[in-house]
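Some notes on the structure that comes next.
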Amino acid sequence: MQKIPNHLGVIVDGNRRWAKERHLPTFMGHRQGLDRAKELIDWCRKRGIKILTLFVFSTENWKRSKSEVNFLMKLLQEALNDFKRNIKKINKEGIKIKIIGQKERLPQSLRKTIEEVERLTEKNNKMIVNFALSYGGRTEIIEAIKQIIKKKISPEKITEDTMKKNLWTSDVDLIIRTGQEQRISNFLIWQAAYSELYFSRKYWPDFTEKDLDQALKDFSRRQRKFGK
């Protein structure tokens, strides 16, 4: 029997390099990467993964060229519109879609669509798909601290459980990173305290269902002792 992570995080890296090596425009890499992300959701659902968090746009990515950022925002808008068109299928499969990150920095039209998709899927409970968008792990921790202060929780009552309740998502069991880099790049840094890490040499657009199974097989072989 294969152990399946309850929460899988994926750092989708390598879209631009994938395009460059094929002498294609950068936007082709991002579009191919989006198609792969849609496939991954289905692969994970079929394997019984309950939470999938995709790191698609970081707080640092705002530093990229205006043309690339604008294209990515349009691509994300397109993806969410596609979810709306297929909402009957998504609801039948019980998938709840959430966006985690600094939503206030996103274009107004994109924020409106996010609200719609989250509302349309909020009652689904078989699988949660988080899109980490304008997301940074340090920012998430700062926002959690702000929420704790607003709730006027006294210092002596603040525990790890208090922090967990004010974060955007739960502890992650396995993090997969594609694109040949071997770091977590400010992704779920609180939740990743005891995560298993798996690094794929492939660029994200080349990541396959077989590659996912290889990562899950590797996860199954590991012993998670949590300090015991």
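Just so we're aligned, residue 1 is where the sequence shown starts under UniProt numbering, counting upward by one.
Glycine included, each C-beta is placed from N, C-alpha and C at the ideal position.
Whole angstroms is fine: what's the gap from residue 183's alpha carbon to residue 177's? As a first step, residue 183 must be located in the sequence shown, where it is residue number 183. As a first step, residue 177 must be located in the sequence shown, where it is residue number 177. Computed Cα separation, rounded: 8 Å.
Pair every Cβ in the segment 161 to 175 with every Cβ in the segment 183 to 192, then say whether three or more of these pairs are closer than 8 Å. yes
Whole angstroms are fine: how far does the CA of residue 214 sit from the CA of residue 155? Numbered from its first residue, the sequence shown carries residue 155 at position 155. Numbered from its first residue, the sequence shown carries residue 214 at position 214. The straight-line gap from Cα to Cα measures roughly 44 Å.
Three-state class that DSSP yields for residue 12 in the structure shown: For the purposes of this step, residue 12 is taken as residue 12 along the sequence shown, with counting starting at 1. Residue 12 falls in the coil class under three-state DSSP.
Can you give the beta carbon distance from residue 132 to residue 219, rounded, assuming they're within the 8 Å contact cut? Your numbering for residue 132 matches position 132 in the sequence shown. Your numbering for residue 219 matches position 219 in the sequence shown. The beta-carbon separation of residue 132 and residue 219, rounded to 20 Å, does not stay under the 8 Å limit for a contact.
Would you decide whether residue 15 is buried or exposed? Buried here means 16 or more other CB atoms lie within 10 Å of its CB. In the sequence shown, the residue the question calls residue 15 occupies position 15. Here residue 15 is buried: its Cβ has 16 or more other Cβ atoms, across all protein chains shown, within 10 Å.
Please state whether DSSP places residue 66 in a helix, a strand or coil. Along the sequence shown, one-based indexing puts residue 66 at 66. It is helical.
Tell me the DSSP secondary structure of residue 187 in three-state form. The sequence position of residue 187 within the sequence shown is 187, counting from 1. Three-state DSSP puts residue 187 in coil, outside helix and strand.
Taking residue 60 as the reference, which of 69, 53, 52 has the closest Cα? Within the sequence shown, the letter at position 60 stands for residue 60. Nearest of 69, 53, 52 to residue 60, Cα basis: 69.
Could you say if the segment 21 to 32 and the segment 98 to 112 meet the contact criterion of at least three C-beta pairs nearer than 8 Å? Flag = no, the segment 21 to 32 and the segment 98 to 112 do not touch.
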